[in-house]
Amino acid sequence: MSMLGLLATTKLGEATSGGGFWMPESASSTAHAVDDVFYFINNINYFFFALVIVILIWFAIRYRTKPSEHTVFAGDAPTHNTPLELTWTAIPLLLVGVLFWLGMDGYLHLADPPDNSYPVSVTAQKWSWTFEHPEYGVTESAELTVPLGRPVRLLMTSPDVLHSLYVPAFRVKQDVVPGRYTSLWFEATKPGQYRLYCTEYCGKDHSLMLAVVNVLPEAEFQAHLGKLAREYEDIADKDLPAYALTRLYNRCASCHSLDGKSGTGPSFKGLWERTKNGSTVFTDGSTLKDHMGPGGEYEVPENYLRDSILNPQHYIVQNYAGAMPTFKGQLKQRQIDALVLMLKNHDKLVDAEGNPIEAPNLDDADISTGGGK
Ligand code: CUA
């Protein structure tokens, strides 16, 4: 234990791992860097509070003017005392020097992720989190699954406004800034579930921008991520549209609304109708109908949807900027099918306001994907 750890736990404070009055439970390898400094400062506060109060009471009694005495200011009282002044300058200077050193040391440690960190890409947007595991091709939203005892590095960005990611049990917090990447890292030391908050006011539903960090032992972690990576393979065809809405749509959500509102890209509402009848107009002046049908570029309308996901710059819909990145290599064939089916069955999955229907009835859903490549 470091000198600081000793100071921090030579009590008045709380144990640094189980949590207590001042601090929540701690579950990361770096939590002590935060807790030790907090308890160190707190203990200094207790000490000086007690010292000041004791001296105050003592002086009030010792130097109290008795009723029989007259107060006389003779002008020969001491005006300064060099040893005393040096003492009350040197001790605080030393204390703040130590605090700066401890704070800086912890800060630098937290700012520098270990080289072998497990990478997760985080997108914060009004009002949800998206966690992508590039090593598994898996995307999570309400939950972030991480391995126990392995450093995890989050690379974070936001497409809209300022958010901030905060996991109290890990003592880590970092702003998520539109137009740039920020990062933070932690190493979970206890399996379990920990709350993850947005801690920067970001609009109406800021307080609902919550997620859970699920810490799993290494073997369980790999099994869980492997299962998530393959889950779409085990899903019945008729459940694919609902799968796409709950598991894949969050990656489209920041640009494509479900309720008809235009965003960075066209809304998904009515998209299938516009596609089917070929009424979509492109920036080059052509209409989807011109490219569709037997012998055309898109034999069936489903192929246009597929092409728009894999090759989004091919045709840009009029009045839009063509800001979409390709999802080639990020989505498996069956996931692309699922998205196409989600678009085709939009009305069955989503109500008029664009909210997902609780238990959608997909018994008579159109689950033909056009058979295209
Ligand atoms: Cu995002 Cu508050």
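Numbered by the working numbering, the letters in the sequence shown go through residues 226 to 598 in order.
Glycine included, every Cβ here is placed at the ideal spot set by N, Cα and C.
Cutoff 6 angstroms; reference residue i; Cβ partners in own chain excluding five residues on either side
i	result
L409	L379, V397 and Q399
I425	Looking at the sequence provided, one finds Glu at residue 425 rather than Ile. Excluding residues within five positions, the ones whose Cβ falls inside 6 angstroms are L387, H388 and S389.
A349	S383, H388 and V401
L453	V363
E522	H516
N475	T355 and S366
M434	W352 and C423
Sequence-distant residues of the same chain with beta carbon closer than 7 angstroms to residue i, five excluded per side
i	result
L574	P466, A467, L470, M567, P581, I582 and P585
N570	P466, L587, A590 and D591
T594	E527, D562, V565 and L566
P249	P393 and A394
I541	F507, T508 and G547
T312	none
W497	L568, K569 and H571
Q198	This structure gives no information on residue 198, because the portion of the chain shown stretches from 226 to 598.
DSSP bridge partner residues for residue i (one or two, in chain order)
i	result
A436	L421
F552	For F552, which the question treats as bridged, DSSP gives no partner whatsoever.
V397	V392
M248	According to DSSP, which records beta bridges pairwise, M248 is partnered with nothing at all.
F356	V347 and E365
F507	V542
T370	N439
P403	S383
P581	V575
S253	A413
Alpha helix (DSSP H) segment containing residue i, residue limits
i	result
S287	Position check: residue 287 holds Arg in this sequence, whereas Ser was assumed. Taken as a continuous stretch (DSSP letters only), the alpha helix (DSSP H) holding R287 covers A256 to R287.
T312	T307 to A336
Q447	E443 to R455
K467	Going by the sequence as given, residue 467 is Ala instead of Lys. From DSSP, the alpha helix (DSSP H) with A467 extends over L465 to Y468.
H571	H571 to L574
L496	L496 to K501
Span of the beta strand (DSSP E), counted from its first residue to its last, around residue i
i	result
M381	P376 to T382
E412	T407 to E412
Exposure label - residue i; buried when at least 16 CB within 10 Å
i	result
H358	buried
R531	buried
P519	exposed
P494	Here residue 494 is Lys; the residue named in the question, Pro, does not match the sequence. Buried.
M329	exposed
L564	buried
G490	buried
V347	buried
V371	buried
P338	buried
V440	buried
A258	buried
G331	buried
F411	buried
Y288	exposed
A461	exposed
Other residues of its chain near residue i: CB distance less than 8 angstroms, five sequence neighbours each side excluded
i	result
D589	none
N536	T551 and K553
R405	T382
Problem set entry | Whole alpha helix (DSSP H) elements within the segment 513 to 546, 4-residue minimum | 513 to 516 and 526 to 535
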